[in-house]
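Colleague: All residue numbers for the sequence shown refer to our numbering, where the first residue is 237 and numbers rise by one. Glycine included, every Cβ here is placed at the ideal spot set by N, Cα and C. A single structure is presented below for examination.
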Amino acid sequence: MNPVNPLRPGFPKHKKSSSGGIIITIVLVLALAAGGVAYHRVSVQRKAAAAELAARKEAEAKAARARKAAELEAARRKAEERARAEAEEKARLEAERLAAEEATGKRQNKEPEVAEPSPEEPKEEPVVQEEDPRLEIFKKPVLLVSLKANNAANRKLFTDAFNLALETGRYDLYADFLRSNLERDAVKVIKFGKFDASMYDQSPYLMRANELYQLISKVGAETIQEQIKESSPRYFYPWLFSDPSDPLRLFLRTMAREQTPGEEWGGILRKWAEFWMKTSAMPRSRYSSLALACAMLNPRIASSPSKLRASSSTNISTTPLTLEQVFEYFMEMDEARELLTDISKLSPSELLFVVDVRLPRSEMDWARKKVRLTRKGWGGAYSMIRYRMDRAALGKDPYTNYTFQEILDEGGICMDQAYFAVNTAKCNGIPSAYVTGDGNRGPHAWVNLLTTDETWQSYGGYGYNTGHFSHPHNCKSKHESTLLQGMDKKVNGARLDTSLDYLSLADLFEEMQKPDCARVMLEAATQATPGSPLGWERLIALMGRPESGTKLEEWDELVAMIKRKFRSRPDYLAMAARVEDEYIFPMRDASTNKRHVARDLKKLEKETDEGRSDLTSAAIKRQADLLMENGDKAGVAALYRKSMKDYARRAEVFEALMGQYYEYVSQDQEAVLQMAKEAESSYNRYIRTKSGDYFKVKKEAAIQRRIAGYYEKGGNGKKADSLRKDAEKREKNSKKGIREEN
237 MNPVNPLRPG
247 FPKHKKSSSG
257 GIIITIVLVL
267 ALAAGGVAYH
277 RVSVQRKAAA
287 AELAARKEAE
297 AKAARARKAA
307 ELEAARRKAE
317 ERARAEAEEK
327 ARLEAERLAA
337 EEATGKRQNK
347 EPEVAEPSPE
357 EPKEEPVVQE
367 EDPRLEIFKK
377 PVLLVSLKAN
387 NAANRKLFTD
397 AFNLALETGR
407 YDLYADFLRS
417 NLERDAVKVI
427 KFGKFDASMY
437 DQSPYLMRAN
447 ELYQLISKVG
457 AETIQEQIKE
467 SSPRYFYPWL
477 FSDPSDPLRL
487 FLRTMAREQT
497 PGEEWGGILR
507 KWAEFWMKTS
517 AMPRSRYSSL
527 ALACAMLNPR
537 IASSPSKLRA
547 SSSTNISTTP
557 LTLEQVFEYF
567 MEMDEARELL
577 TDISKLSPSE
587 LLFVVDVRLP
597 RSEMDWARKK
607 VRLTRKGWGG
617 AYSMIRYRMD
627 RAALGKDPYT
637 NYTFQEILDE
647 GGICMDQAYF
657 AVNTAKCNGI
667 PSAYVTGDGN
677 RGPHAWVNLL
687 TTDETWQSYG
697 GYGYNTGHFS
707 HPHNCKSKHE
717 STLLQGMDKK
727 VNGARLDTSL
737 DYLSLADLFE
747 EMQKPDCARV
757 MLEAATQATP
767 GSPLGWERLI
777 ALMGRPESGT
787 KLEEWDELVA
797 MIKRKFRSRP
807 DYLAMAARVE
817 DEYIFPMRDA
827 STNKRHVARD
837 LKKLEKETDE
847 GRSDLTSAAI
857 KRQADLLMEN
867 GDKAGVAALY
877 RKSMKDYARR
887 AEVFEALMGQ
897 YYEYVSQDQE
907 AVLQMAKEAE
917 SSYNRYIRTK
927 SGDYFKVKKE
937 AAIQRRIAGY
947 YEKGGNGKKA
957 DSLRKDAEKR
967 EKNSKKGIRE
977 EN
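Structure below.
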């Protein structure tokens, strides 16, 4: 028989081993494929498990947040109900007392009856009220920084203590409770001398406990207890402490940003409560920033009159709205969508530059309806006012009432342009500041405007760099860089609030007398928002304390870093100069200090576009102070002689240098006379011109009159009279050709 699979003739005979290898290869391929499928399935399962775990964690976090919000809302409602019940009970008792007094009065009007003496009853011993046993909760420890801080029992303890403080008003015991737990746990966010930001971010109870403690400790538990007896604060404090919009954090951050002293907090909170009560029919959180801004406005501004003038020929109100009416006006206009900003998106610090408006309602309505500009283009309001040379040179006053309409119709000078632009902006909800400064062409006025929610812009400054404004919170004079850079959100970034929270924790460590921990938090604040000077100023103050033991090398490193990173920020350069003057120069030799100051002056001129005039003159004064410390009066004279020549092209700097020079030699009449001669020489050579420009001549004449004053103090009255007459003649000639408008 033939085999089952006979080989065909001509085909080679295959080996048995070759066939086995193919089978093994196929088996391996199939095994690998099966393994790949299995691995893919396992990978998919792992990803699904990870996604499920992440979703579960997110759901738990959301549930925790919702639970916390619900707890806070329940506490707020409970506190309001309790306060309302107490008010009703108080009213009932007061009514009973009045009724009793009335009945007593009626009895006293009757004929007195002779009463039989009654035997004395034994006096009862005074009843000692027992302490509420629930207050024992304030002696229990609550975890603030721990993996167990978020468990149900710890959350309940924290919430129960908070609710009991609201119910009983025992903020003194509650503050002690918070402090003891903060002292134990707050240091846990600092490890090996470094701030552990991740641990801090995972410790919401630490942040909340510190916020509550900072407010109670600075305002005072007794002050809060007294205030809650009043009608407005009675309902305000439960909202402040527990509302989901977190008004407590808003308040603390604003106080830190404006560097408001703790002793002023109580008064601001009382005023805030009064404005807050006016929002009862509206969402309280929407206007909480507006209400806080009104509460922070300096009383001198809030009570100042408007610039409008009364006239018998017109029936125009000159009485500005009260601060309460200003608050109601902006709420009303916001509800009607009549403003160019969203009030709810502006911070209290920004709204301070809105609520400081001092105008009657008629002017505010006119500004809103008649000035048709966009928010970004509001700088154009400055140039809407035609410039009048007769008002500048001849003192022409074309106004009857000084209304917006009059200014627009009649025109005006820089101060009228700035007044118009700034106040019409405020009426439309745009934060704005009136800025003044000095320069080559004399005094000038211009405006700063918050043209977007992030950026401040300057309009009408024409290159002047000495602008200052009066801050509406404390009436302190501030350089415009405070707005243009210090309050610019693009400069400070989105972490400014984080930085302010770090400063609050630094406050806690300072109170706990832990300066090393406070320094760590201040350094963290400067790293979070290097563009804000708040952390830097606090850090410098801490390092400057005698007990800090800061070494010269540390100061040198700090100053070098500030100058390197912020060479285009005049305010930071001034900060660095102050550190050198107070902490570095006293520990170094005079020649080294002099070289450093001279080098910094050159950098200042280069990096800040010829520098800021006030910083330039201050830098020269620093050199003079160093020379005077060594008794080198000749060196001081040589310094100012050279500086007056170098800076004569900048009239405002030259004028400042003359004043400084005089201060150093004022006790020596002969030296004063020499100083006057040197000033006149530089003036005649570098400043005095044949220009017909009225403003330039006016500035030159003002400097000439100052030189005349120095001649007079130096004993040469004849020369002084001659210079004054010449200045008057030059200024009079510069007015030729300027005619009054009809």
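Here's the rule I'm using: 16 or more other beta-carbon atoms within 10 Å means buried, otherwise exposed. How should Asn866 be labelled?
Modeller: Under this definition Asn866 is an exposed residue.
Colleague: Determine the closest residue to Leu448 out of Thr925, Tyr819, Leu588 and Leu741, with distance taken between C-alpha atoms.
Modeller: That would be Leu741, whose Cα lies nearest to the Cα of Leu448.
Colleague: Quick one: any contact between the region 519-537 and the region 584-592, if contact means 3 or more CB pairs under 8 Å?
Modeller: Output reads yes: the region 584-592 touches the region 519-537.
Colleague: Using 9 Å as the limit for Cβ to Cβ distance, is Leu794 near chain C?
Modeller: Looking for chain C here will not work: only one protein chain is present.
Colleague: In or out: Asp929 buried (at least 16 other Cβ within 10 Å) or exposed?
Modeller: Classification for Asp929: exposed.
Colleague: Okay, do the region 896-916 and the region 936-951 touch, 3+ Cβ pairs below 8 Å being the bar?
Modeller: Judged by Cβ distances under 8 Å, the region 896-916 makes contact with the region 936-951, as three or more pairs qualify.
Colleague: Can you name, in chain order, every residue of its own chain whose Cβ lies under 8 Å from the Cβ of Lys192, other than the five neighbours on each side?
Modeller: Residue 192 lies beyond the range of the chain shown here (237 to 978); nothing can be said about it.
Colleague: How long is the line joining the alpha carbons of Leu720 and Phe705, rounded to whole angstroms?
Modeller: Between Leu720 and Phe705, the C-alpha separation is close to 12 Å.
Colleague: For the beta strand (DSSP E) holding Ser668, just list the boundary residues, first then last.
Modeller: Start and end: Ser668 to Gly673.
Colleague: If Tyr618 and Gln653 are in contact, beta carbons under 8 Å, what's the gap, nearest whole angstrom?
Modeller: Indeed, because the Cβ distance is near 5 Å, the residues count as touching under 8 Å.
Colleague: With C-beta atoms as the reference, is Gly703 less than 9 Å away from Val671?
Modeller: Yes, Cβ-Cβ distance for Gly703 and Val671 is below 9 Å.
Colleague: Using the rule of at least 16 other Cβ atoms within 10 Å of the residue's Cβ for burial, across every protein chain shown, is Phe511 buried or exposed?
Modeller: Buried: at least 16 other Cβ atoms inside 10 Å.
Colleague: To the nearest angstrom, report how far apart Ala422 and Glu790 are at their CA atoms.
Modeller: When rounded, the distance between both Cα atoms is 27 Å.
Colleague: Since Lys714 and Glu690 are thought to touch, with beta carbons under 8 Å apart, how far apart are those beta carbons, to the nearest angstrom?
Modeller: Not confirmed; about 20 Å, so no contact.
Colleague: What is the DSSP secondary structure of Ile426, counted as helix, strand or coil?
Modeller: Three-state DSSP puts Ile426 in a strand.
Colleague: Per DSSP, what kind of secondary structure is Trp692 in: helix, strand or coil?
Modeller: Strand at Trp692.
Colleague: For Lys427, count the other beta carbons within 10 Å of its own beta carbon; 16 or more makes it buried, fewer makes it exposed. Which is it?
Modeller: Lys427 is exposed by the Cβ-count criterion.
Colleague: What residue does the beta strand (DSSP E) around Leu393 start on, and which one ends it?
Modeller: It is not in any beta strand (DSSP E) - Leu393 instead sits in the alpha helix (DSSP H) that spans Ala388 to Thr404.
Colleague: Can you pull the DSSP bridge partners for Val683?
Modeller: Tyr670 and Tyr695, per the DSSP bridge assignment.
Colleague: Check each candidate in Cys753, Leu582 and Gly405 and name the one with the smallest Cα separation from Gln461.
Modeller: Looking at the Cα atoms, Gly405 is the closest of the given residues.
Colleague: When the Cα atoms are used, what is the spatial distance from Ser583 to Thr490?
Modeller: Those two C-alpha atoms are separated by around 8 Å.
Colleague: Express the C-alpha separation of Met625 and Lys712 in angstroms, rounding to a whole number.
Modeller: Lys712 and Met625: Cα-Cα distance of roughly 32 Å.
Colleague: May I have the straight-line CA-CA distance separating Thr786 from Met779, to the nearest angstrom?
Modeller: Approximately 6 Å, taken between the alpha carbons.
Colleague: Skipping 5 residues on each side, what residues in its chain have a beta carbon closer than 7 Å to that of Met513?
Modeller: If we look at Met513 and ignore the five residues flanking it on each side, its Cβ neighbours are Ser468.
Colleague: Tell me whether Gly871 sits in a helix, a strand or coil according to DSSP, three-state version.
Modeller: Looking at Gly871 - three-state DSSP - the assignment turns out to be helix.
Colleague: Buried or exposed: which applies to Tyr700, given that a residue is buried once 16 or more other Cβ atoms fall within 10 Å of its Cβ?
Modeller: Buried, because 16 or more other Cβ atoms sit within 10 Å of the Cβ of Tyr700.
Colleague: Can you find the residues in the same chain that come closer than 7 Å, C-beta to C-beta, to Arg677, ignoring five residues on each side of it along the sequence?
Modeller: Counting only Cβ-Cβ distances below 7 Å, and skipping sequence neighbours, we find Phe931, Lys932 and Lys935.
Colleague: Where do the N-terminal and C-terminal ends of the beta strand (DSSP E) with Phe477 fall, by residue?
Modeller: Unbroken run through Phe477 is the alpha helix (DSSP H), Ser467 to Ser478; no beta strand (DSSP E).
Colleague: Taking the DSSP output, what are the residues bridged to Gly780?
Modeller: In the DSSP output, where bridge partners are listed per residue, Gly780 has none listed.
Colleague: Given Ser481, which residues of its chain have a CB within under 8 Å of its CB, disregarding the five upstream and five downstream residues?
Modeller: Cβ within range, chain order: Arg520, Ser521 and Ser524.
Colleague: Express the C-alpha separation of Ser768 and Val364 in angstroms, rounding to a whole number.
Modeller: Below a pLDDT of 50, predicted positions are generally treated as unreliable, and Val364, at 41, falls in that range; no measurement from the model is reported.
Colleague: Where does Ile258 land, buried or exposed, given buried means 16+ other C-beta within 10 angstroms?
Modeller: Exposed: under 16 other Cβ atoms inside 10 Å.
Colleague: Jot down the residue ranges of each uninterrupted alpha helix (DSSP H) in the region 494-566, minimum 4 residues, whole runs only, in chain order.
Modeller: DSSP runs (the alpha helix (DSSP H)) wholly in the region 494-566: 501-513, 524-532 and 535-538.
Colleague: Starting from Lys934 and walking both ways along the beta strand (DSSP E), at which residues does that stretch end?
Modeller: From DSSP, Lys934 is part of no beta strand (DSSP E) but of the alpha helix (DSSP H) over Tyr930 to Lys949.
Colleague: Let me make sure I understand the geometry here. Which of Gln749, Ile643 and Val872 has the alpha-carbon closest to that of Glu783?
Modeller: Measuring from the Cα of Glu783, the nearest candidate turns out to be Gln749.
Colleague: What are the complete alpha helix (DSSP H) segments, minimum 4 residues, inside the region 735-806?
Modeller: Complete alpha helix (DSSP H) runs here, min 4: 751-764, 769-779 and 788-801.
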